[in-house]
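Here is the structure we will look at.
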Amino acid sequence: MCGIIGIISKKDVLSDIFVGMLSLQHRGQDSAGILSFNEKMNLIKKEGLVGNIFSEKELSELKANVAIGHARYPTIGSDFLVDAQPFMVSKPYEIGMAHNGNITNYFDLKKEQNSETDCVVSSCDLEVVLNVFAENLDENFSVKSLFFAVKKVFEKVKGSYSIVAVIKGKGLLAFRDPNALRPLIMAEKTVNGIKSVGFASESLSLTSTGHKIIKDLNAGEAVFVDSDLNVVSEVLVKGNPTHCMFEWVYFSGAESILDGLEVYTARINLGKELAKEWKKTGLKADVVIPVPDTSRTAASKLAEEINLPYREGLIKNRYIGRTFIMASQARRENGVRLKLNPVESEIKGKDILLVDDSIVRGTTSKKIVKLLKDNGAKKVFFLSTCPPIISPCFYGVDMPSKKELIASQMSVDEIRKHIGADFLFYNSIDALKKALEREDLCMACLTGNYPVAIPKKTETEFEKTRKEEQEKQR
Ligand code: SF4
88 MCGIIGIISK
98 KDVLSDIFVG
108 MLSLQHRGQD
118 SAGILSFNEK
128 MNLIKKEGLV
138 GNIFSEKELS
148 ELKANVAIGH
158 ARYPTIGSDF
168 LVDAQPFMVS
178 KPYEIGMAHN
188 GNITNYFDLK
198 KEQNSETDCV
208 VSSCDLEVVL
218 NVFAENLDEN
228 FSVKSLFFAV
238 KKVFEKVKGS
248 YSIVAVIKGK
258 GLLAFRDPNA
268 LRPLIMAEKT
278 VNGIKSVGFA
288 SESLSLTSTG
298 HKIIKDLNAG
308 EAVFVDSDLN
318 VVSEVLVKGN
328 PTHCMFEWVY
338 FSGAESILDG
348 LEVYTARINL
358 GKELAKEWKK
368 TGLKADVVIP
378 VPDTSRTAAS
388 KLAEEINLPY
398 REGLIKNRYI
408 GRTFIMASQA
418 RRENGVRLKL
428 NPVESEIKGK
438 DILLVDDSIV
448 RGTTSKKIVK
458 LLKDNGAKKV
468 FFLSTCPPII
478 SPCFYGVDMP
488 SKKELIASQM
498 SVDEIRKHIG
508 ADFLFYNSID
518 ALKKALERED
528 LCMACLTGNY
538 PVAIPKKTET
548 EFEKTRKEEQ
558 EKQR
């Protein structure tokens, strides 16, 4: 999963890009990059966190009226700098591009492109998208040619991709794949008569800089904003929206609004759905405790619905990264140990209703249950807002191997025993759809039904690549 942002204006956009990228940091922590166009294309990308890696001098060199930024967590490709985004091409003219998603026919496209010339130099899937885009452009710039090239990308490139691109001297382009798997929002603001138009993975990164939401890009839509801030948009292919449910459940910031639904509201609804099922069990608990941070919202609603106190029995060390997006198991396990500190007075002698957003590998859940019991919890009843995850994601979330997913290997009761809980309950798929107030969802990791077909070869290659990368990182 990654975060992207692009802004164009008649004045410098760099500070808005930088602030917007800070707001997207939760989507990727391995590397970040900014590409801008002033008199020339400027590109700086580095490993590390957005707030740490750019010097004042570099930021001042990047100042421009159009720029894109990217915060990266690798799925295809490693977290080494060669794979960091944005990427650039110089033919037929200079273009800088960044994306959020995962290309499912990446290996075929890479092979095809390398059979003509050895042009694919990285392991980052954006590179093959950019090549398809560039090779379908006319020598001479026109919006028509730009949209033709995007249409070719839609035809040829499979998987999930939300994209922003700077077209040198011409403007800013954004487009969203025909399944609209990853979010992409458009917003604008006018300050002292000067307008700016932005695109980003999440609304919070644009609203935090004063932009007002205009719309979510539709499935298969492209939008081009020229240097005079004229906007042209077109749905280029018939889309079939299947938005990633995990954006609302786990990934996106609670204050973001994605495809018309506030993430916070979705999580409140998920808590309400948990409460309905908990009431049916006849079990009694003393307190509701969330696993911080994502599940707080659902846990607070659950507590309200069942008239139990809501307490922060686990305090998160805010300087440790999100466990799930740490790239290797070793880093993940360390992360769990370092990340959460128990508040003994809220735990000791109590029957605890513990709420988490999901159980992916089970590693974290097991350690948290142990942590609570080691600190005197009598019983731990574990509720997950997300239904059991049984299949890998090929669209950008790092859970590539079926073997790593505990719910694909064990029954609910076996998982309960494995993690040491006294009771385990997941929201159902119907409850999830109700909470997200929609049917147009990707739920492939819950059902095994992939909205964009996954070739067997891709499945094997993904698994192999991820294993190699995890080995490198140990
Ligand atoms: S498979 Fe799961 S995590 Fe991946 S895009 Fe679909 S819903 Fe999201």
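Just so you know, we're using this note's numbering here: the sequence shown kicks off at 88 and counts up by one. Glycine included, C-beta positions come from ideal geometry on N, C-alpha and C. No experiment lies behind these values; they were computed from the predicted model shown.
Per DSSP, Arg525 lies in no beta strand (DSSP E) segment and is marked neither H nor E. Rounded to the nearest angstrom, the gap between the Cα atoms of Ala390 and Asn305 is 37 Å. Judged by the Cβ position, Gly483 qualifies as a neighbour of the ligand SF4 at the 8 Å threshold, a heavy atom of the ligand being closer than this. Remark: the shortest separation between the CB of Glu289 and any heavy atom of the ligand SF4 does not fall under 8 Å. Membership of Asp444 in any beta strand (DSSP E) is not indicated, and neither H nor E is assigned to it by DSSP.
A distance below 6 Å between beta-carbons, with the five flanking residues on each side excluded, links Gly115 to the following residues of its chain, in chain order: Cys89, Gly90, Ala158, Arg159 and Tyr160. Apart from sequence neighbours up to five positions away, the residues of its chain that approach Arg383 with a beta-carbon distance below 6 Å are Pro377, ordered along the chain.
For the set Leu440, Ser452, Glu433 and Lys435, the Cα lying nearest the Cα of Lys426 is the one of Ser452. Rounded to the nearest angstrom, the Cβ distance from Lys245 to Met128 is 29 Å, too far for a contact under 8 Å. The Cβ atoms of Ala185 and Gln172 sit closer than 9 Å to each other. Looking from the CA of Phe141, the closest CA among Gly120, Ile155 and Glu126 belongs to Gly120. Secondary structure note for Lys276: its beta strand (DSSP E) is the uninterrupted segment Ile272 to Val278. Contact check for Phe311 against Phe194 fails: the beta carbons are separated by 9 Å or more. In the three-state reduction of the DSSP assignment, Asp313 falls in the strand class, which pools E and B. Residue Leu136 holds the alpha-carbon nearest to the alpha-carbon of Phe105 among Leu136, Glu491, Ala236 and Gly280. The three-state reading of DSSP puts Lys133 in strand, counting E and B together.
Following the DSSP letters along the chain, one finds His157 inside the beta strand (DSSP E) bounded by residues Val153 to Arg159.
For Cys206, the shortest separation between its Cβ and any heavy atom of the ligand SF4 does not lie below 8 Å. Per DSSP, the beta bridge partners of His330 are Leu528.
Relative to the non-hydrogen atoms of the ligand SF4, the Cβ of Ser247 comes within a distance shorter than 8 Å of at least one.
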